[in-house]
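Below: the structure, in structure tokens.
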Amino acid sequence: MSVAIRLSRGGAKKRPYYRIVVADSRAARDGKYLEQIGTYNPMLPKDSEERVKLNEDRARHWLSVGAKPSDRVHRFLDAAGILERAPKNNPKKGEPGEAAKERAEEKAAKVAEAEEAKKAAEEEAKAAAEAPAEEAPAEEAATEEAPAEEGAAAEAAETADEAEEKAE
Numbered sequence: 526m527s528v529a530i531r532l533s534r535g536g537a538k539k540r541p542y543y544r545i546v547v548a549d550s551r552a553a554r555d556g557k558y559l560e561q562i563g564t565y566n567p568m569l570p571k572d573s574e575e576r577v578k579l580n581e582d583r584a585r586h587w588l589s590v591g592a593k594p595s596d597r598v599h600r601f602l603d604a605a606g607i608l609e610r611a612p613k614n615n616p617k618k619g620e621p622g623e624a625a626k627e628r629a630e631e632k633a634a635k636v637a638e639a640e641e642a643k644k645a646a647e648e649e650a651k652a653a654a655e656a657p658a659e660e661a662p663a664e665e666a667a668t669e670e671a672p673a674e675e676g677a678a679a680e681a682a683e684t685a686d687e688a689e690e691k692a693e
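So the sequence shown is numbered by my numbering: it starts at 526 and just counts up by one.
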């Protein structure tokens, strides 16, 4: 005879109340049972001590004899520290789909590019801060050539103005 630790329903309609019983696994849900080892009142708040009452000594006895708890009773036993439940692991369930993986890779690439650009800008700023002290004579030579460059800049500005006038 296989023995099960399960719930047996009592109470009125829409007002359930359960007994935690040890019964022959072939017996009806609310039928004959061997022993009542606790009660479960789902109408009480989850933090209430009265929600689940369990005779731990008798539960341990029936488990040692070979009784198999139902899923809900197994949860109660786990909460009481009598019997540990194996976690239901489905590692693929939480894994993102193909499109989400591609989006994540693109986002990571953009972030990496932004970090590289930021580092390059910081390096240029450091180099620019150090350069004026070292390249002072070179700047004097550049100022002598500047008038020729100014004339080229003025011509470029005139051509830009003419292009805007034609566009209007």
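Just so you know, even glycine gets a beta-carbon here, dropped at the ideal spot from N, CA and C. These numbers come from a predicted model, not from an experiment.
Considering residue i, what are the terminal residues of the alpha helix (DSSP H) in which it resides?
i: L602; result: 596 to 605
List the whole-angstrom C-beta distance separating residue i from residue j, where the pair is believed to meet the contact cut-off of C-beta under 8 angstroms.
i: R554; j: S527; result: 16 angstroms between Cβ atoms; not a contact.
i: V598; j: R531; result: 6 angstroms
i: W587; j: V636; result: At roughly 57 angstroms, the Cβ-Cβ gap does not stay under 8 angstroms, so W587 and V636 are not in contact.
i: Y543; j: G556; result: No, Y543 and G556 are not in contact; Cβ-Cβ is about 14 angstroms, not under 8 angstroms.
How is the beta strand (DSSP E) around residue i delimited, first residue to last?
i: L532; result: 528 to 537
i: E560; result: 560 to 565
Indicate the three-state DSSP secondary structure (helix, strand or coil) for residue i in the structure shown.
i: A671; result: Its pLDDT being 49, under 50, A671 is placed unreliably in this model, and the value from its coordinates should be taken loosely. Reduced to three states, the DSSP call for A671 is helix.
i: R551; result: coil
i: A666; result: Any reading at A666 needs caution, since the residue's pLDDT is 49, under 50, leaving its predicted position unreliable; the model's value is listed next. A666: helix per DSSP, three-state reduction.
i: L588; result: helix
i: E574; result: coil
i: R610; result: coil
Comparing C-alpha positions only, which one of the options sits nearest to residue i?
i: K539; options: F601, N566, R597; result: N566
i: E574; options: D582, K643, F601, A654; result: F601
i: R551; options: K593, E649, K571, R576; result: K593
Tell me whether the beta-carbon of residue i lies closer than 9 angstroms to the beta-carbon of residue j.
i: A529; j: I562; result: no
i: L579; j: I545; result: yes
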